[in-house]
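Numbering follows this note's numbering, in which position 307 of the sequence shown is assigned residue number 330; successive positions increment by one, without gaps.
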Amino acid sequence: DFDTLKAMKAAVSTANVPYFDGFGEYIQYHYVPDDLSHSSVSKTLEFAYNDWCIAQMANQLDDTAVEKEFFTRSTYYRNVFNPATGFMQPRLANGHFRKDFDPLDTHGQGFIEGNAWNYGLYVPQNITEMVQMMGGKERFSRHLDSLFTMELADKYIEKNEDITRDGIIGNYVHGNEPGHHIPYLYNWTDQPYKTQERVRMIMETMYGPGLCGNDDAGQMSAWYVFSCLGFYPVTPGSDKYAIGSPLAEEAVIHLNNGKTLTIKAENQSPENVYVKQVLVNGKAVKGNFLKHSDIMNGGEIIFEMSDAPKN
Numbered sequence: 024d025f026d027t028l029k030a031m032k033a034a035v036s037t038a039n040v041p042y043f044d045g046f047g048e049y050i051q052y053h054y055v056p057d058d059l060s061h062s063s064v065s066k067t068l069e070f071a072y073n074d075w076c077i078a079q080m081a082n083q084l085d086d087t088a089v090e091k092e093f094f095t096r097s098t099y100y101r102n103v104f105n106p107a108t109g110f111m112q113p114r115l116a117n118g119h120f121r122k123d124f125d126p127l128d129t130h131g132q133g134f135i136e137g138n139a140w141n142y143g144l145y146v147p148q149n150i151t152e153m154v155q156m157m158g159g160k161e162r163f164s165r166h167l168d169s170l171f172t173m174e175l176a177d178k179y180i181e182k183n184e185d186i187t188r189d190g191i192i193g194n195y196v197h198g199n200e201p202g203h204h205i206p207y208l209y210n211w212t213d214q215p216y217k218t219q220e221r222v223r224m225i226m227e228t229m230y231g232p233g234l235c236g237n238d239d240a241g242q243m244s245a246w247y248v249f250s251c252l253g254f255y256p257v258t259p260g261s262d263k264y265a266i267g268s269p270l271a272e273e274a275v276i277h278l279n280n281g282k283t284l285t286i287k288a289e290n291q292s293p294e295n296v297y298v299k300q301v302l303v304n305g306k307a308v309k310g311n312f313l314k315h316s317d318i319m320n321g322g323e324i325i326f327e328m329s330d331a332p333k334n
């Protein structure tokens with residue numbers, strides 16, 4: 024048995040300990056000031072997402088006071104977004120954004136094990152708003168295109184032991200975990216087919232003998248398993264899974280509720296990376312997402328694959 028109320032109280036208590044690294048400043052300023060705590064932007068973004076998760080627990084337990092408090096805190100990512108640069112950026116205690124800022128650098132720029140191009144896209148609890156903050160769907164899609172196609176000079180990663188050249192595509196770092204959701208973000212634009220292209224490319228190029236980076240908590244492997252099946256939990260704590268491009272022709276999952284889920288990719292081939300249609304127990308899925316219930320109810324999920332993209 025799992026005591027959900029006790030778990031929520033523990034989460035709330037932990038989130039309010041002022042002497043934990045950055046927590047006190049986050050609570051006081053509604054962001055972590057860069058001149059008071061290192062890796063300030065990463066902390067702000069991570070704390071905000073954690074707060075959203077607490078709000079979801081409170082919602083399920085009908086605790087409206089906790090839900091309201093932590094949902095408000097979950098929006099604090101807004102306080103480190105600089106519209107003048109279009110990036111999440113280190114902010115000082117006086118409210119000003121730090122001037123000496125390079126969004127490409129992975130060292131000393133307010134991020135841990137990442138740069139603003141990668142880690143700055145970490146708002147899984149409200150991706151729709153993040154897209155709007157960055158100029159809307161079309162501009163955001165171009166931003167993602169640039170991330171995957173630009174060249175990242177060695178000087179930007181040479182001080183970071185967790186990022187190596189063999190785990191990088193353009194400026195996208197697959198060899199370290201903070202950006203693993205990024206290939207799936209095209210699902211929030213009008214070009215979801217680009218998620219299918221990127222995901223398939225990553226599976227084919229980043230997973231040879233061994234791994235292209237560290238496998239913290241098994242995340243590198245978990246990303247591959249989810250992506251092979253054709254979907255990924257971009258926002259853990261929600262009931263949605265973003266659709267990708269399945270690599271496995273067929274997989275059978277024996278669920279812990281006793282049910283069985285069979286996943287099939289019809290017309291699968293190296294060229295047919297695009298998803299024409301997804302059927303859940305014979306019913307066509309509308310949009311770019313599966314629900315948790317689609318998986319836990321068991322039955323059959325069929326991906327109809329094609330060599331032509333579909334918006």
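Built from N, CA and C at the ideal position, the CB exists for glycine as well.
#1: On a Cα-Cα basis, can you pick out the residue from 127, 35, 328 that is closest to residue 271?
#2: With 16 other CB atoms within 10 Å as the buried threshold, where does residue 114 fall?
#3: Counting only runs that start and end within the region 253-331, where is the alpha helix (DSSP H) found for 4 or more residues in a row?
#4: Which whole-angstrom value describes the C-beta separation of residue 264 and residue 254, a residue pair presumed to lie in contact below a C-beta threshold of 8 Å?
#5: How about the region 215-232 and the region 273-283: do they share at least three Cβ pairs that are nearer than 8 Å?
#6: Using DSSP with H/G/I as helix, E/B as strand and the rest coil, what is residue 165?
#7: Please work out which residues of its chain come closer than 8 Å, Cβ to Cβ, to residue 97, disregarding the five sequence neighbours upstream and downstream, and give them in chain order.
#8: Assuming residue 294 contacts residue 330 (C-beta within less than 8 Å), just tell me the rounded distance between them.
#9: If you follow the alpha helix (DSSP H) that residue 121 is part of, which residue opens it and which one closes it?
#10: Work out the CA separation of residue 202 and residue 209 for me, nearest whole Å.
#11: Of the choices 227, 306, 138, 31, whose alpha-carbon is the least far from that of residue 124?
#12: Using a threshold of 8 Å, state whether the C-beta atoms of residue 169 and residue 223 are closer than that.
#13: When you compare the CB of residue 235 with every CB in chain C, is at least one pair closer than 8 Å?
#14: Taking only the alpha-carbon atoms, compute the straight-line gap between residue 100 and residue 62 and give it to the nearest angstrom.
#15: In chain order, which alpha helix (DSSP H) runs of at least 4 residues are fully inside the region 42-79?
#16: Determine contact between the region 297-306 and the region 316-324, defined as no fewer than three beta-carbon pairs at a distance below 8 Å.
#17: Along the chain, where does the alpha helix (DSSP H) containing residue 32 start, and where does it finish?
#18: Per DSSP, what kind of secondary structure is residue 249 in: helix, strand or coil?
#19: Measure the C-alpha to C-alpha separation of residue 103 and residue 64 and round it to an integer number of angstroms.
Reading from the atomic positions:
#1: 328
#2: buried
#3: 315-319
#4: 4 Å
#5: Flag = no, the region 215-232 and the region 273-283 do not touch.
#6: helix
#7: Correct list, in chain order: 71, 72, 74, 75, 78, 148, 149.
#8: 5 Å
#9: Taken as a continuous stretch (DSSP letters only), residue 121 belongs to no alpha helix (DSSP H), as it is neither H nor E.
#10: 14 Å
#11: 138
#12: no
#13: Although the question refers to chain C, the structure presented lacks it and comprises just one protein chain.
#14: 14 Å
#15: 46-52
#16: By the Cβ rule, the region 297-306 counts as touching the region 316-324, because three or more pairs are nearer than 8 Å.
#17: In the DSSP annotation of this structure, the continuous segment of the alpha helix (DSSP H) that includes residue 32 starts and ends at 27-38.
#18: helix
#19: 7 Å
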